[in-house]
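Quick note, the sequences are listed as chains A and B, same order. Per our numbering, the very first residue in the first sequence carries number 1; after that it's consecutive. Per our numbering, the very first residue in the second sequence carries number 1001; after that it's consecutive.
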Amino acid sequence: MTTTTVDQPALPTESARRAPIEHLAIICSKGTLDMAYPGLILANAARMSGIDATLFFTFWGLDIVTKKTVDHLHVPTVGNPSMHIPTMVGGLPGMENLATTMMQKQLEKLDIPSVHELLEILSDSGAHLYACRMAMDMFKRTKEDLMPQVEDVISAMDFFEKAAGAQVLVI
Amino acid sequence: MLREYRGHQVTVNDEGFMTDATQWTPEIGEAIADEIGLMLTPEHWKVITFCREDAAREGQPPGVRRISKLSGVGTKELYALFPKGPGKLASRVAGLPKPHGCV
């Protein structure tokens, strides 16, 4: 033994007594910039901690992994109370672009990677990315329309097999 | 709390991260790696050396993205070197605190 604890070990903390999370499965169902980040950042944080991560992109969440839209996700200014501006103002031409540009600048300032780069990081980190077959049919997209980091187009039932043993999170 | 690595006493927190980076030596790094089941290769040392140098410059340990961008060891390779999570383990072996960032 090269390692010994020489004084009294501290009592295990509350988090140490509970079973650690080993697998996180995230269903990404929204395609706005503000809804894309939480899922991707959480999945990345999971991988950085040695937790398996599986992502399932469905409905509007498909935009996050679609080549044409991945670099053009928007912050919604209408119907979004967190913007703290009147809906009528949020609906004026250019408001959505302005809000999106402002958020992108802020993300850049904090050195937070773009959605595009996060997909690459996630794939390199060993996270698994899947697209929902039903949503693909609905939006008439093919596998070629998707970013190369998406491993496969699968059904919801397939997803639950991929998510075995996982904590499932819907965003 | 105190912990002994190969005859050297160091202070660690309840997650096993050293609390005083100046107590660290490469030998202690090897002992911490032993403890978490890692056999250190020259590639590990490239990462560990980068983390210590970067932390000394920046005042905080680097996150995974920073390591992958600046150390010359890419994301894929980092995860192969530290399969149980490079986010925490690179810092822990390097005798640094747990990184704060999410990337």
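Where is the CB? At the ideal position from N, CA and C, for every residue including glycine.
Near residue i, what residues of its chain come up, given a Cβ to Cβ distance below 6 Å and the 5 sequence neighbours on each side ignored?
i	result
A/Gly39	Ile26, Cys28 and Ile171
A/Met1	Residue placement at A/Met1 is poorly supported in this model, since its pLDDT is 46, which falls under 50; the coordinates still yield a value, given next. So the list is empty, once near-sequence residues are dropped.
A/Asp152	Tyr130
A/Ala46	Leu24 and Ala53
B/Ala1021	Gly1095 and Leu1096
A/Thr77	Met83, Gly90, Met95, Glu96 and Ala99
A/Ile85	none
B/Thr1075	Ser1068
B/Arg1052	Ala1094
A/Asp186	Lying outside 1 to 171, the shown extent of chain A, residue 186 of chain A is not represented and no answer is given.
Use the C-beta contact count for residue i: other C-beta atoms within 10 angstroms, 16 or more gives buried, fewer gives exposed.
i	result
B/Pro1061	buried
A/Lys143	exposed
A/Gly79	exposed
B/Gly1095	buried
A/Leu110	exposed
B/Pro1099	buried
B/Gly1085	buried
A/Gly94	exposed
A/Glu117	exposed
B/Lys1088	buried
B/Asn1013	exposed
B/Glu1015	exposed
Looking only at C-alpha atoms, which of the options sits nearest to residue i?
i	options	result
B/Leu1038	B/Lys1088, B/Leu1081 and B/Gly1101	B/Leu1081
A/Lys162	A/Met134, A/Asp137, A/Ala19 and A/Ala127	A/Ala127
B/Ala1090	B/Glu1058, B/Ile1048 and B/His1100	B/Ile1048
A/Gln167	A/Lys140, A/Thr87 and A/Leu42	A/Leu42
A/Phe56	A/Met134, A/Asp145 and A/His116	A/Met134
B/Pro1083	A/Met48, A/Val70 and A/Thr87	A/Met48
Give me, in chain order, the residues of the same chain whose beta-carbon lies closer than 7 Å to that of residue i; leave out the 5 immediate sequence neighbours on both sides.
i	result
A/Gly165	Glu22 and His23
A/His74	Thr32, Leu33, Glu96 and Thr100
B/Pro1097	Phe1017, Pro1061 and Ser1091
A/Ser123	Leu129 and Gln149
B/Leu1002	Gln1009 and Thr1011
B/Glu1058	none
B/Arg1065	Val1103
Could you tell me the distance, in whole angstroms, from the CA atom of residue i to the CA atom of residue j?
i	j	result
A/Met103	B/Met1018	37 Å
A/Phe59	A/Arg17	38 Å
A/Ser155	A/Ile64	18 Å
A/Glu120	A/Phe160	24 Å
A/Ser82	A/Gly90	11 Å
A/Glu108	A/Ser114	8 Å
B/Arg1027	B/Arg1006	The sequence as given places Glu at residue 1027 of chain B; Arg does not occur at that position. Going from the Cα of B/Glu1027 to the Cα of B/Arg1006 covers about 8 Å.
A/Asp137	A/Ile51	31 Å
A/Met180	B/Ile1036	This structure does not reach residue 180 of chain A, given that chain A is present from 1 up to 171, and the question cannot be answered.
B/Gly1101	B/Ile1032	23 Å
A/Arg141	B/Asp1054	44 Å
B/Gln1023	A/Leu92	59 Å
B/Ala1152	A/Met88	In the structure as shown, chain B starts at 1001 and stops at 1103, and residue 1152 of chain B therefore has no counterpart that could be examined.
B/Gly1063	B/Thr1041	20 Å
B/Asp1034	A/Ala36	39 Å
A/Asn44	A/Ile112	12 Å
In its own chain, which residues sit with a C-beta less than 8 Å from the C-beta of residue i, not counting the 5 before and 5 after it?
i	result
B/Lys1046	Ser1071, Gly1072 and Val1073
B/Glu1043	Val1073, Glu1077 and Leu1081
A/Thr69	Gly31 and Asp63
B/Tyr1079	Pro1086
A/Asp145	Thr66, Lys67 and Lys68
Could you name the residues that DSSP lists as bridge partners for residue i?
i	result
B/Thr1011	B/Leu1002
A/Ile26	A/Leu55 and A/Leu169
A/Ala131	A/Phe57 and A/Val153
A/Thr66	A/Leu146
B/Met1018	B/Val1012
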